[in-house]
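One structure is given here, and the rest of the page talks about it.
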Amino acid sequence: MSHSEAMEILGMLAVKLEVEMRFKEREAVEYAIGKLTSQDTKDAMSLAEQIYQSAIEANDMYNKGLI
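Mind the numbering: the sequence shown is residues 805 to 871 in my numbering, read in order.
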């Protein structure tokens, strides 16, 4: 996943969360976007990968009814 792809996906996620009135989650995504834009590319990519993996894990837990 490229840096620009991660930024685009996070932007779409922030909009979706706002529409669903999930404001705390949206704030977390906006925080992540801010981190991605303020760090150098190498660190930003590792942060993007961590965010992506966390989202996958949270989705899996949600699908299993754990959260």
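Don't be surprised by glycine CBs; every beta carbon is placed ideally from N, CA and C. Quick caveat, the model's predicted, so the values are computed rather than measured.
Could you round the C-beta distance between residue i and residue j to whole angstroms and report it? I think they count as a contact, below 8 Å.
| i | j | result |
| --- | --- | --- |
| Ala-859 | Ile-837 | The Cβ separation is near 13 Å, so there is no contact. |
| Leu-814 | Val-833 | 6 Å |
| Leu-821 | Glu-829 | 5 Å |
Assign residue i to buried or exposed, taking buried as 16 or more other Cβ atoms, counted over all protein chains shown, within 10 Å of its Cβ.
| i | result |
| --- | --- |
| Val-823 | exposed |
Which residues bound the alpha helix (DSSP H) around residue i?
| i | result |
| --- | --- |
| Lys-828 | 827-842 |
| Ser-808 | 807-823 |
Cβ of residue i less than 9 Å from any chain B Cβ?
| i | result |
| --- | --- |
| Ala-818 | Looking for chain B here will not work: only one protein chain is present. |
Within the same chain, show all residues whose beta-carbon is closer than 6 Å to that of residue i, passing over the 5 residues directly before and after it, in chain order.
| i | result |
| --- | --- |
| Ala-810 | Ala-852 |
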